[in-house]
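Notes to accompany the following structure.
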Amino acid sequence: MKWYALRAVAILGVAAATITGCDKSKDEASTQPPATPASSAVASSESVPVRSSRALAAEKVKDAVEQRISAVEGKFGSGVNSPCSTSSPQMFTAKCRAAADATSSAAGLALREIDGRAGFATLSSTARRLQVAVRQYEQLGCASGPTAADTRHACLAPAAIIAQGLDDLRDGANLGLAGK
368 MKWYALRAVA ILGVAAATIT GCDKSKDEAS TQPPATPASS AVASSESVPV RSSRALAAEK
428 VKDAVEQRIS AVEGKFGSGV NSPCSTSSPQ MFTAKCRAAA DATSSAAGLA LREIDGRAGF
488 ATLSSTARRL QVAVRQYEQL GCASGPTAAD TRHACLAPAA IIAQGLDDLR DGANLGLAGK
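Convert by adding 367 to the 1-based position in the sequence shown; the result is the number in this note's numbering.
Have a look at this one:
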């Protein structure tokens, strides 16, 4: 019986300390002056960061480029899943040529979106490099299944750039948000 009584006293003591602690913090809170409308306005404007026009532009570019990338990726794949991957049996076919054209179109969109805007160096250089690779792929006649070993070998570099192009454009768009 004594054990139950001691236990009840201990529980009541802890509860009293908790209640007293709550009352004390309540008293401390009531000693602070109430927020005035001016201080409330300052606090609320500090908690919501103001987004610059540059950040909004970067987000707009990223969204537009990402939408195009996703559409092309959904149709053709990217990286090792691209028909232009150097390990793909479709690298020397019209399927790669179509993927190359779509990737070049995405690069062109990126360049149009960033035209005249600062802070997109990576996206700009990536898009231009992609367009050069697509032109090389076309000039070499890679999509027509060349039989000459030197031509097939020359097709590898631009095809690899094209296959990786969508991922690189996405990375460039993401870096654009950081002003790079």
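Backbone N, C-alpha and C define an ideal beta-carbon position, used for all residues, glycine too.
Just so it is clear, the structure is predicted and the values come from calculations on it, not from any experiment.
Boundaries of the alpha helix (DSSP H) harbouring A438: S420 to F443, taken from the DSSP string. Around the beta carbon of R479, fewer than 16 other beta carbons lie within 10 angstroms, which makes this residue exposed. Residue environment analysis places D482 among the exposed positions, since fewer than 16 neighbouring C-beta atoms fall within 10 angstroms of its C-beta. R537 counts as buried, since no fewer than 16 other beta carbons sit within 10 angstroms of its beta carbon.
Going by C-alpha positions, A438 is about 34 Å away from A516. Under the criterion of beta carbons closer than 8 Å, D535 and T493 qualify as touching, at roughly 5 Å. Secondary structure at S455: coil, using DSSP grouped into helix, strand and coil. R495 counts as exposed, since fewer than 16 other C-beta atoms from the protein chains shown sit within 10 angstroms of its C-beta. With 16 or more other CB atoms across the displayed protein chains lying within 10 angstroms of its CB, R464 is buried. L497 and T460 have their C-alpha atoms roughly 19 Å apart. For G512 and R421, the gap between their C-alpha atoms comes out near 46 Å.
When DSSP states are grouped into helix, strand and coil, S472 belongs to the helix group.
Apart from sequence neighbours up to five positions away, the residues of its chain that approach T518 with a beta-carbon distance below 8 Å are L507, G508 and C509, ordered along the chain.
Assigned with DSSP and collapsed to three states, R519 falls in helix. Contact annotation: V432 and A473 have beta-carbon atoms nearer than 8 Å. Per DSSP, A494 is one residue of the alpha helix (DSSP H) stretching across A488 to L507.
Distance from the Cα of L476 is smallest, within the candidate group G486, A466, S491 and A485, for S491.
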